[in-house]
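Here is the structure we will look at.
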Amino acid sequence: MTFPTSSGHSAHPLAGHITVLNTVDPDEPLLDDLHPLRAIVEDARVVAIGEGAHFVHEFTLARARLLRYLLEHCGFTVVALEMGSGDAAAVNPWLAGEGDEDDLSQVAGRHTVNLFGELLRRLRRYNRDRSHPVQIVGIDLPNSLTLLPDLDPVAGYLRMVDEGITDMVAGLLRTAGAITGASAAASAPRWASLDPADQESLTAGLARLSLRMRALEPLYVARSDQHDYDVARRHLEAACHTDYMLRAMNTLLSGSGLPDDTSIRDHYMALCVTWHLERLGPDDRVIVVAHNNHIQKTLVTYDGYPTALPMGHHLARGLGRHYRAVGLTHTAGEVPDMVWPAEDSPVGFTIEPVRLDAPPPGSLERALVDAGLAAGVTLTDLRSPDPEVRALDSIRSQSATMDTPVAQTFDAVLCTPTATTDPTTTFTS
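In the working numbering, the protein residues as written are 2 to 430.
Encoded structure:
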């Protein structure tokens, strides 16, 4: 219910914009408390559901519940996740009921399972009662940040349509094969260990391949079909972006990165969402599930240092009011966060709880504390022109606080009172 005006906290200026939700439990049969969400997303072709930190149990539950509501009550039909297109394609048969539930780790990489395992398991169970199972699409680079998941299908396609570049492709595959890891934190150092000449040769070879594939599209399509060409092009674009991001991650972690350099990944994510929209039916509506920093509409900035122009900015620019972003945050005193390097972890990092300072004045979390609502689950509608809404100027992100005009960044924010580590995640071999 919307925060009641007869409450002892009714004097708080944000009271009329906050809905107190009953639960984050996606197994709770009733979803009536989420009905205020309908007005927020009613015109949207794309709705993004975020999370203020990865690997948080409460965020996984809240996302699963929001997915149920959007699928069952708002006519959304497609779920797009922060993973590579090949990752999603491999998971879909399992999601539709193939094999055993415990087989997920055999069809998805370790980092993907840690990021989305519990949500995917819940989607699989949800599909048991559906005549048309929910399928997912990948709108990101591979969670391993390696090239072979995309270069292998490109090589297979080119063997069919352009045998003259077999040697060139084989060389790219050899170099890409040396870049192994279960996440960006593990793969980026492998890229850094390559001879600089091999790094440059890889980048140049991918660029040549991309230009050639674009120029010869009519010939390639004549030797295959438009769909196969489009999919191969998309895989090659992913490989080119992955190569760039391996370099960007290394410079970022070393402190020598260019401002906004990780924007290349977010731009690719936005292109992927658009790619799917162009191929879906006019009545299809997409739910994007990704980190708050990807779905937000404003520049991602920490301590005054810009790090990315996010996917959400591009989508909002292209779709206008037909894009809606719902962030997730919490009012807890600690949050799980990534700690690296971790030599014993196959993903290159581990997760540890980090103590947090009290939310600062002006933050969304502080507003909920001041309203006496920090102990509950809430949904704050940020679309109002009211000055108290527009004055919110920060929100939590991972174990930090991000300065941002919150009402320009998200259309709504769901907040939980706790943020604990997802018990299904594993970060050791």
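Quick reminder that beta carbons are idealized off the backbone N, C-alpha and C, glycines included.
Residue closest to residue i, alpha-carbon to alpha-carbon, out of the options
i    : options                   : result
L173 : I140, S188, A193 and L210 : L210
C416 : N144, I19 and H13         : I19
L380 : P14, G334 and N23         : N23
H292 : L82, L31 and G282         : L82
P37  : L149, A413, S255 and D104 : A413
R325 : A333, L316 and L105       : L316
L310 : Y269, C273, H323 and I288 : Y269
T332 : A171, W192, D231 and A401 : A401
R367 : L393, R384, P354 and V355 : L393
P360 : V21, R397 and I296        : R397
Where residue i falls: helix, strand or coil (DSSP)
i    : result
I243 : Before going further, note that residue 243 is Thr rather than Ile in the sequence given. Correct three-state label for T243: helix.
H295 : helix
H133 : coil
R384 : coil
A309 : strand
F4   : With a pLDDT of only 48 at F4, under 50, the local geometry of the prediction cannot be trusted, and no value is derived from it.
T417 : strand
G157 : helix
T176 : helix
P337 : strand
R111 : helix
P37  : helix
R280 : helix
V390 : helix
G139 : strand
T330 : strand
Rounded C-alpha distance that separates residue i from residue j
i    : j    : result
G206 : M214 : 12 Å
R234 : R280 : 15 Å
S395 : P362 : 9 Å
W341 : T351 : 7 Å
L374 : T147 : 43 Å
D163 : Y221 : 8 Å
F411 : M84  : 22 Å
F4   : E43  : Low local confidence applies: a pLDDT of 48 at F4 is under 50, so the model's placement there is unreliable, and no value is given.
M169 : H133 : 43 Å
T275 : V301 : 21 Å
A90  : V138 : 7 Å
N- and C-terminal bounds of the alpha helix (DSSP H) containing residue i
i    : result
G319 : M312 to L320
E102 : From DSSP, E102 is part of no alpha helix (DSSP H); its letter is neither H nor E.
P197 : P197 to A216
L369 : L365 to D371
T425 : Premise fails: T425 is in no alpha helix (DSSP H) and is neither H nor E.
> In the region 45–98, which residue ranges form an unbroken beta strand (DSSP E) of at least 3 residues, counting only runs that do not cross its ends?
Replying inline: 47–50 and 79–82
>> What ranges does the alpha helix (DSSP H) occupy inside the region 226–275, keeping only unbroken runs of at least 4 residues that lie completely in it?
In response: Counting whole runs of 4 or more residues, the region 226–275 contains the alpha helix (DSSP H) stretches 227–255.
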